[in-house]
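Chains as they are written, first to last, in the working numbering: chain A, 110 to 616; chain B, 457 to 597.
Note that CB positions come from ideal geometry on N, CA and C, so glycine has one too.
Everything numeric in this text was worked out from a predicted model, so none of it was measured.
First up is the structure itself, then whatever we jot down about it.
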Amino acid sequence: MYDFPQIAEGLASAFTWHVFFFVLAGVALGQLVGAIPGLSAPMAIAIAVPFTFVLSPLTAISFLVAVGKGGTIGGAIPAVLINTPGSPEAAATALDGHPMSQQGKPVKAMKMALFSSVTGDTMSDIVLITVSAPLAIIALKMGPVEIAALMTLAFAVITGLVGDSMAKGLIATGFGLLCASVGLDPENGTPRLQFGSFELDDGLPLSAVGIGILAVGEIIRQIVSGTLHRGSAVNIPKNQDPADRRVSWAEYWACRITLLRAAVIGTFVGAMPGIGATAAAFLSYGYTKSRSKDPDSFGKGNIHGVAATEAANSAVMGANLIPLLTLGIPGNVTAAFIIGALIIHGVEPGPLLFKEQVPLIYGLFGAMVMANGLNLIVGQFGLRIWAIVALAPGSVVFSVALLFCITGVYLTTGGLLGVALMIGFAGVGYLMRIFGFSVVPFIIAFVLGRQYELKMAQALIIADNKPMELLNHPVALMFLLAAVFCVYWLGIRKASRINVSIQAGSS
Amino acid sequence: MSMSLGRVLGAASAVIGAGFLFFLIPWQTDVVPAVGLVPRAFPTIAAVLIIVTGLAQWIKPTGTAIFEGDKVLKAVFVVAACLVATFALEVVGYLYTAPVLVGAIMLLSGERRWLWYIVGLVVMPTFIWLVFEIVLRRPLP
């Protein structure tokens, strides 16, 4: 497992000008996209995936991860300046960041957000780098039966935690699995749900489905909201006290416990599939406030509030690669697209990566560390530029983003079918959003569907088509029981409690 | 969420799932002798999952849902405009279609400032065309 020459080769391949350039571009793109309210890093990643086909696997994955890392920092900028989070995970940042801005300290708040993000992200990456290889050794002991059961558990956890209805989450999962069934079936090679189209032999293209559901669906929702033409008034005072324009070492050091705690919360949450950066930020904010000697100052411009939220939501980024790299299971949409990109590049995600793709994995770790440093540098110089970008009206931003999506999918799918599919899925994505169906389980089910089917088929062969054979696989049995428990606890029980509280409220 | 809308969504999901289970999957899959999973097994599992959870949602609606007719109508217009633009791409070309699409969407969004129209209609489509056609050498229609 620890092949040091290969590890060194991987790290060396990360620290090349080629990878450096793409990581820099990814970080800048992520910060830029994150700074625009309504656009988010996962949307940027979805749009960017098709453009990475021509890159080497390491460069492509490093670029996508860099976009994700930059996005968490960019999201804080409009949260601080205009009280509108650029991405959902920055919502908690606005609680104290915007009051700081109103007190004439917008640059200090943005810089604290930047430093906290980089701190949280770096700590999380250290955990990823140190624990993922040992976890992969354990994961390698699992066979198809255990992996199929683990995927079932992951679907149960994700649908239970994402969105406000497990039933709707499971419907979205079922729909994602159905879409993954389109194309030649992986076991027998017969066409399925293709309606005679040979262009769908390889299944529905990830770029069309992902960009349609995630990016264009959201773009449509924003366009029809009727509020996009309004520009945002961003005012950064020019003649500020220098102390209000920077974060001193004393101020940063005073937040060390807050940062450490937030990084631990973010890392823990990130390693769990389905919970996400938004929950991590609010958990960290709530806990920091409860532990503070002056809780009343929170919500009124306390710098610890900014540190707690930004360190936590950024710590999720590194940690959510733990289940991805060790088990091949994505914890969120960003990870799902990274899995999709790995598959497109002919790399099978999962614990075998640590055996067969050592240079790629350690190259990626090297690129992640590089991305953290570049995030800090780009952020230091770019904060004011991204703040100006937040001024652009949504009517222009979303129209142009739509054009990018159409262009990208046209080029990658090589024709009109891909674009038509993208638009069709955009309509579905829009309806899912307004009707309260989370798109996260759909995307994850779509990306994992083929692998899930293959593992189920292999498990069935191993079990000789006898369900009782499962008793010989106690780990798989445990995963399945945990999945059933999740459905009860996060779905049935939660729904009953909501109904009881609605009835109590009405009486 | 109104309880009725939640029920309608549950029932609609179950009907769609049933449509797949009883009509589309048998029609669009082959019957072959298989050792592991037969070709229709996996989509069948997905359809059954949709039906069961759709019925659960119908019986006990959960979650939020908002239906605003005027916005849905606008969304239908955006989807239709995108489809028309897609087919126009191949007929009249990228450089003519892209500004019209962006302009239509900006107009629908309520944008009335002409300066931003220059950015949306001229600057950005030209920039995208230059990036793909000239820099990346990926031909656009």
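The Cβ atoms of LEU133(A) and LEU483(A) sit closer than 8 Å to each other.
The alpha-carbon of ASN422(A) is positioned some 11 Å away from that of VAL373(A). The straight-line gap separating the alpha-carbon atoms of ALA144(A) and GLU562(A) is approximately 39 Å.
Between GLN484(B) and ARG400(A), the gap from beta carbon to beta carbon reaches 8 Å or more.
Each of SER196(A), LEU270(A), MET531(A) was checked against the Cα of CYS288(A), and the nearest Cα belongs to MET531(A). For MET381(A), there is no enclosing alpha helix (DSSP H), since its DSSP letter is neither H nor E. The CB of LEU286(A) comes closer than 8 Å to the CB of PHE498, PRO499, ILE501, ALA502, LEU505 in chain B, given here in chain order.
Remark: fewer than three beta-carbon pairs, one from each stretch, lie closer than 8 Å, so the region 212 to 222 of chain A and the region 512 to 532 of chain A are not flagged as touching. Near chain B, meaning a CB-to-CB distance below 8 Å, the residues of the region 507 to 519 of chain A are PHE507, SER508, VAL509, LEU511, LEU512, PHE513, ILE515, THR516, TYR519. In this structure the region 462 to 477 of chain B lies against the region 498 to 507 of chain B, because at least three pairs of beta carbons, one per stretch, are closer than 8 Å.
Three or more Cβ pairs closer than 8 Å define a contact, and the region 465 to 483 of chain A falls short of that threshold against the region 584 to 595 of chain A. Interface with chain B (8 Å Cβ-Cβ cutoff): GLU296(A) is included.
In the DSSP assignment, ILE246(A) falls within the unbroken alpha helix (DSSP H) covering 215 to 248. By the Cβ criterion, the region 439 to 450 of chain A is not in contact with the region 387 to 398 of chain A, since fewer than three pairs of Cβ atoms, one from each stretch, lie closer than 8 Å. In this structure, DSSP gives PRO253(A) a helical state, which the three-state scheme calls helix.
Taking the Cα positions, VAL548(A) is about 14 Å away from ILE328(A). Under the Cβ criterion (8 Å, minimum of three pairs), the region 531 to 541 of chain A counts as touching the region 533 to 547 of chain B. Identification of residues in the region 571 to 596 of chain B having a C-beta nearer than 8 Å to some C-beta of chain A yields TRP572, VAL575, GLY576, MET580, PRO581, ILE584, PHE588, ARG594, LEU596, given in sequence order. Counting of Cβ neighbours within 10 angstroms places ARG330(A) among the buried residues, the total reaching 16 or more. Taking every protein chain shown into account, the CB of ALA121(A) has fewer than 16 other CB atoms within 10 angstroms, so this residue is exposed. Taking the C-beta atoms as reference points, VAL467(A) is found no nearer than 8 Å to ILE246(A).
DSSP lists PRO300(A) as the beta-bridge partner residues of LEU293(A). ILE238(A) and LEU462(A) have their alpha carbons spaced roughly 14 Å apart. One alpha carbon belongs to ILE154(A), the other to VAL142(A), and they sit about 10 Å apart. A Cβ-Cβ separation of about 14 Å leaves VAL318(A) out of contact with ILE448(A) under the 8 Å criterion. Burial of LEU569(A) is indicated by the presence of at least 16 other C-beta atoms within 10 angstroms of its C-beta. By the Cβ-count criterion, TYR539(A) is buried, with 16 or more other Cβ atoms from all chains shown falling within 10 Å of its own Cβ. Selection LEU368(A), ALA444(A), ILE453(A) evaluated against PRO159(A) yields ILE453(A) as nearest (Cα-Cα).
For GLU465(A), the uninterrupted alpha helix (DSSP H) run begins and ends at 462 to 465, by DSSP. Put simply, the region 568 to 584 of chain A does not touch the region 260 to 272 of chain A. Fewer than three CB pairs are less than 8 Å apart. Counting C-beta pairs with one atom in each stretch, the region 510 to 520 of chain B and the region 263 to 281 of chain A have three or more that are closer than 8 Å, which means they touch. In this structure, SER225(A) lies near ALA416(A), with their beta-carbon atoms less than 8 Å apart.
Remark: C-beta atoms of GLY283(A) and ASP310(A) do not approach each other more closely than 8 Å. Here the region 420 to 434 of chain A makes contact with the region 363 to 381 of chain A; the two share three or more CB pairs at distances below 8 Å. Following the DSSP letters along the chain, one finds HIS582(A) in no alpha helix (DSSP H), marked with neither H nor E. In this model, SER406(A) and SER210(A) are separated by some 15 Å (Cα to Cα).
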